[in-house]
DNA sequence: TTGAAAGCGGTACCAG
DNA sequence: CTGGTACCGCTTTCAA
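Protein chains in written order, with the UniProt record's numbering: chain A, 1 to 341; chain B, 1 to 341.
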């Protein structure tokens, strides 16, 4: 193996008969260096493909220009969009992004945090797992004066900025839309009761019903465990076969809505005429479904971009106390066929 | 801001009245250290939450336990699956993964490579952009004796291991399936002619036709530029309105197939009876389409996992010359309604 | 079994 | 404008 040794500052200094410090200053274009020397050094560096050893620089400056990003899942339209936005913002400011996936397991999340902390990232972006209750592993960052920004699913135990979609408000608008279309008996297939975005969407549902003076049957709010198509199918069946079936179903996610639609199709219940169906997340499938599914676009790219921008700003002002700044990225209601009574 | 200073080895040594080297050895459980000292140091370290400064360790050892991963796009089922597989394999071996996205732009790819190289990653996983022809920016890694593994889209100019899906073979099987189902005039909406997986899928198409002694019209092979639904629609229209319309369309991707299906639906051409449609990639939409789309599942997770495993192995044997080892992950044909004549 | 010290590749302070 | 030097935190060789 060739393994060319890299040219170092010392090499440059030796070859050019100057001191290491002069070489360093010349390359960094400090003031108080003659044009001549600068040119000499820069030319030499270029010619010999000098690449500063960033580990050494990081070591000296005690920062890495790297942020960590911890997400429950990578293969997921919303999360990958968030990642994309964060990568975009980070690149723009010359930061690198280390990504770790927890698979919704607390254990993996803790390991990832330890690893990032030991790895001296300058800050982290994190969306906590469904299992996460205690957050000491994240608090460790704050205790070291490192920036943390939470996105999507967050814990209120941490004093950190938070960036999310406006789940409550957009759920409210989604359900209001159903009401305006004439649906009156609206069910909501929700997620795990203790997960933040489930709670917010449920609250938006309640808010819309209350505002329009609509009642609901407590049986109309089943909770998914894994937010799958299968659960959507099963709960839609359960709802429609109950003694008091709804005339619309607001689903926590498009995949759940897909399952519900499949059940309705099988049961020969017409969508949107007999039952309206509303999804959430605007996955590609929602456009393709038949009838096409009304849903909510959450603009993950913007969430990720904003989260990274806030993090980098905090990273660059290390003397400021971390805040609770709360940012909601406005979602858009996308109206398609499944709610057009 | 609190900004607790981290405990260093020096602190431990001072407090315990031993030398820094002894403390280091005790923590790393070297031979030739008394049990007593080891216990003393380890207890102290634990009690005071000692975290080794990994920048310093990396600096000293001249490695980072970090690999870089450069992909054209993150928000993409196949690529995000590959990322997930790579993260999985890397975590297992204690490596971290830095991710960079090129948006299919050579310029971004070059920047990402420079940045990774300067950042002293131990190796990179890369899928080149559609624009990439010259690969000096990647060759730089090999020249430094750093491991490179290419996946999905690769350049043959680099002497590096390659991991991909078996595009040629699976395209061959997909088209063979169409032939077996009785389709005889099979068109293929291909991608950019110079992109590797387009070429392979096209070759698989040709192989299947040839083997079954079927002719094809040269007009039956249009090339998408962006591989979009819109192109699928437009090319399907062009094909079906031509003087010699096909009776089946093999599409380079599910999204192209979706566009094609939409055109066929609009033109009231029955799928699969009048025209068969075959996709590629097994996106979630293929299952949801009506009729459901036959397609090819490429097992991205396995591709990413394998690529990372090969990279890490190479990283750990830095004295070995890089090889051209070529690994194909076998894809699976998924037969649904759109090809059941 | 332990300690002293060199040094990884830069940065930045202090002198001149 | 330039050189000398200490040092960032840790590993590792050499000597005791």
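Backbone N, C-alpha and C fix where the C-beta goes; we use that ideal spot for every residue, glycine too.
Contact under 7 Å by Cβ, residue i with residue j
| i | j | result |
| --- | --- | --- |
| residue 148(A) | residue 160(A) | yes |
| residue 54(B) | residue 58(A) | no |
| residue 338(A) | residue 272(A) | yes |
| residue 298(A) | residue 331(A) | yes |
| residue 153(A) | residue 127(A) | yes |
| residue 168(A) | residue 204(A) | yes |
| residue 349(A) | residue 21(A) | Absent from the model: residue 349(A). The displayed extent of chain A is 1 to 341, so no value can be given. |
| residue 329(A) | residue 296(A) | no |
| residue 290(A) | residue 290(B) | yes |
| residue 233(A) | residue 189(A) | no |
| residue 13(B) | residue 23(B) | yes |
| residue 90(B) | residue 305(B) | no |
| residue 216(B) | residue 252(B) | no |
| residue 44(B) | residue 67(B) | no |
Per-residue DSSP class, three states only, for residue i
| i | result |
| --- | --- |
| residue 223(A) | strand |
| residue 298(B) | coil |
| residue 97(B) | strand |
| residue 37(A) | helix |
| residue 331(A) | coil |
| residue 238(A) | helix |
| residue 116(A) | helix |
| residue 186(B) | strand |
| residue 271(B) | coil |
| residue 125(A) | strand |
| residue 311(B) | helix |
| residue 233(B) | helix |
| residue 65(A) | coil |
| residue 139(B) | helix |
| residue 179(A) | helix |
| residue 256(A) | helix |
| residue 1(B) | The predicted position of residue 1(B) is uncertain, since its pLDDT is 40 and thus under 50; no value can be drawn from it. |
| residue 110(A) | helix |
| residue 82(B) | helix |
Exposed unless 16 or more other CB atoms sit within 10 angstroms - verdict on residue i
| i | result |
| --- | --- |
| residue 30(A) | exposed |
| residue 323(A) | exposed |
| residue 326(A) | exposed |
| residue 193(B) | exposed |
| residue 1(B) | Reliability fails at residue 1(B), whose pLDDT of 40 lies under 50, so the model's placement of it is uncertain and the value that follows must be treated cautiously. It counts as exposed. |
| residue 197(A) | buried |
| residue 123(B) | buried |
| residue 134(B) | exposed |
| residue 140(B) | buried |
| residue 49(B) | exposed |
| residue 201(B) | buried |
| residue 85(B) | buried |
| residue 15(A) | exposed |
Neighbouring residues, chain B, relative to residue i (Cβ below 7 Å)
| i | result |
| --- | --- |
| residue 96(A) | 98, 115, 119 |
| residue 51(A) | 117, 118 |
7 Å Cβ shell around residue i - same chain, five flanking residues per side excluded
| i | result |
| --- | --- |
| residue 131(B) | 104, 105, 106 |
| residue 316(A) | none |
| residue 341(B) | 181, 182, 183, 272, 273, 276 |
| residue 111(B) | none |
| residue 87(B) | 97 |
| residue 19(B) | 13 |
| residue 263(A) | 233, 236, 237 |
| residue 311(A) | 67, 123, 125, 147, 149 |
Closer than 9 Å at the beta carbon, the chain B residues around residue i
| i | result |
| --- | --- |
| residue 101(A) | 83, 84, 87, 88, 91 |
| residue 290(A) | 288, 289, 290 |
| residue 295(A) | Residues of chain B passing the Cβ test: none, with the nearest at roughly 13 Å. |
| residue 269(A) | Correct list: empty, because the minimum Cβ distance to chain B is about 17 Å. |
Contact set for residue i: own chain, Cβ-Cβ below 8 Å, skip 5 residues either direction
| i | result |
| --- | --- |
| residue 176(A) | 208, 211, 212 |
| residue 336(A) | 286, 287, 291, 292, 293, 294, 295 |
| residue 158(A) | 135, 138, 139, 142, 148, 150 |
Close beta carbons around residue i, own chain, < 6 Å, minus the five adjacent residues each side
| i | result |
| --- | --- |
| residue 187(B) | 220, 239, 246, 249 |
| residue 229(B) | 255, 258, 259 |
Closer than 7 Å at the beta carbon, the chain A residues around residue i
| i | result |
| --- | --- |
| residue 54(B) | 118, 119, 120 |
| residue 58(B) | 55 |
| residue 342(B) | Residue 342(B) cannot be examined here, being either before or after the span of chain B that is shown, 1 to 341. |
Residues that residue i contacts on chain A, provided the C-beta gap is smaller than 8 Å
| i | result |
| --- | --- |
| residue 80(B) | 74, 75, 76, 80 |
| residue 258(B) | 288 |
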